Amino acid sequence: MRNDQSGFTLPELVLSLTMTSVLVTLIMFFTFSYWQYSYILQADQETFTERLNTTDYLREALGTSSGMISQNSIPDTHVGNPDTSITSGLYWKVLHAIPGNVAVNSGGTYTPLAYFKRISISTSNQVIMNGVQPYEDEYVLYLYGPTKSLQIRSLANPNAPSNKLKTSCPAAQASVSCPADKILISNISSIDKRFFSRSGSLINWTSIFDANTNSYAGPDNQSIEVVELTLNLSKKASFQTTNTTQSSTIIRIALRNT
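Quick note: the sequence shown, position 183, residue 429 per this note's numbering, numbers continuous.
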């Protein structure tokens, strides 16, 4: 009988399996590394695009505003953070011109950031006049905790005839007559805000304390001519366990109509 000795010896088989395992491990490592990097790069690009879009919107909205205000005067039926001193619950909490960091609250709350007003425009793109003065709409810039997003609430002046603007609502209550609040950017961790006069002086309501009235008496929202917002973002790429995208964008806007 023929004694066929072809094939692998046991040491050769072990060496072959070991080399194959090493090669497969290396291939999988480089494949997953490339896959991970591509998702991180995608997250970076998405964040960059969102930052550009937000910057453009805020420059247009704030730059053409009539000025910053401490509280809305147009009633809002969906106030996220109400002024508890007003029983109607239709007005957001008072905000003074105080520079500092505002962190997003992930507990499901609304954190107001700033309020401002703009001239009312008709459906025919004309300024709506109230005698010699134009009507004005109001806007609420706020942070929404659950989605860590920066959003804006529009409050259309109900007395302005043929007003082009519609009052907006939270997404859950949105309808044809009350569109959803505009989401400017997501993945916000916090926002730094500062206010200046046109000469560059810092506006800070807490810079002066009046001992006679026992209250602050520094310059307030009506003195603001330049707004600076620093958006601090933190985003987790798809299939990642950590927030790999960390970035900040500084937006400085001169209020042209103040």
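The beta carbon of each residue, even a glycine, is placed where N, CA and C say it ideally should be.
In this text the structure is predicted, and so the values were computed from the model without any measurement.
Segment limits, beta strand (DSSP E) that includes residue i
{"i": "Arg347", "result": "Per the sequence shown, the amino acid found at residue 347 is Asn instead of Arg. That run of the beta strand (DSSP E) goes 346-349."}
{"i": "Glu471", "result": "Here Glu471 belongs to no beta strand (DSSP E), and DSSP marks it neither H nor E."}
{"i": "Lys363", "result": "356-365"}
{"i": "Gly313", "result": "313-315"}
{"i": "Asp438", "result": "434-442"}
{"i": "Ser400", "result": "395-401"}
{"i": "Leu389", "result": "382-390"}
For residue j and residue i, believed in contact at Cβ under 8 Å, the rounded distance
{"i": "Ile320", "j": "Leu401", "result": "4 Å"}
{"i": "Leu477", "j": "Ser494", "result": "7 Å"}
{"i": "Ala343", "j": "Ile449", "result": "5 Å"}
{"i": "Ala500", "j": "Val472", "result": "5 Å"}
{"i": "Glu382", "j": "Ser408", "result": "Going by Cβ atoms, the distance from Glu382 to Ser408 rounds to 15 Å, so no, they are not a contact pair."}
{"i": "Val386", "j": "Asn318", "result": "6 Å"}
{"i": "Ser443", "j": "Lys363", "result": "Not quite, the Cβ-Cβ distance comes to about 19 Å (not below 8 Å), so this is no contact."}
{"i": "Asn347", "j": "Asp438", "result": "5 Å"}
{"i": "Ala406", "j": "Ile374", "result": "4 Å"}
{"i": "Tyr337", "j": "Leu430", "result": "Not a contact, Cβ separation roughly 23 Å."}
{"i": "Ser316", "j": "Leu341", "result": "6 Å"}
{"i": "Lys410", "j": "Thr369", "result": "5 Å"}
{"i": "Gly309", "j": "Arg440", "result": "Contact flag wrong, Cβ pair sits at about 16 Å."}
{"i": "Ile454", "j": "Ala463", "result": "5 Å"}
DSSP three-state assignment for residue i, whether helix, strand or coil
{"i": "Ile429", "result": "strand"}
{"i": "Asn299", "result": "helix"}
{"i": "Gln372", "result": "coil"}
{"i": "Ile273", "result": "helix"}
{"i": "Ala418", "result": "helix"}
{"i": "Ala307", "result": "helix"}
{"i": "Leu501", "result": "coil"}
{"i": "Pro328", "result": "strand"}
{"i": "Thr495", "result": "strand"}
{"i": "Phe480", "result": "One detail in the question is off: residue 480 reads as Ser in this sequence, not Phe. If DSSP states are grouped into helix, strand and coil, Ser480 belongs with the strands."}
{"i": "Ser453", "result": "helix"}
{"i": "Ser445", "result": "coil"}
{"i": "Ser319", "result": "coil"}
{"i": "Ser461", "result": "strand"}
Contact test: residue i Cβ vs the ligand NAP heavy atom, cutoff 7 Å
{"i": "Ser423", "result": "Judged by which ligands are present, the structure shown has none, so any question about the ligand NAP falls away."}
Per the contact definition of three or more C-beta pairs closer than 8 Å, is the segment 354-367 in contact with the segment 322-332?
-> yes
Taking contact to mean at least 3 C-beta pairs separated by less than 8 Å, is the segment 433-448 in contact with the segment 393-409?
-> yes
Touch check for the segment 411-425 and the segment 371-380: three-plus C-beta pairs under 8 Å?
-> no
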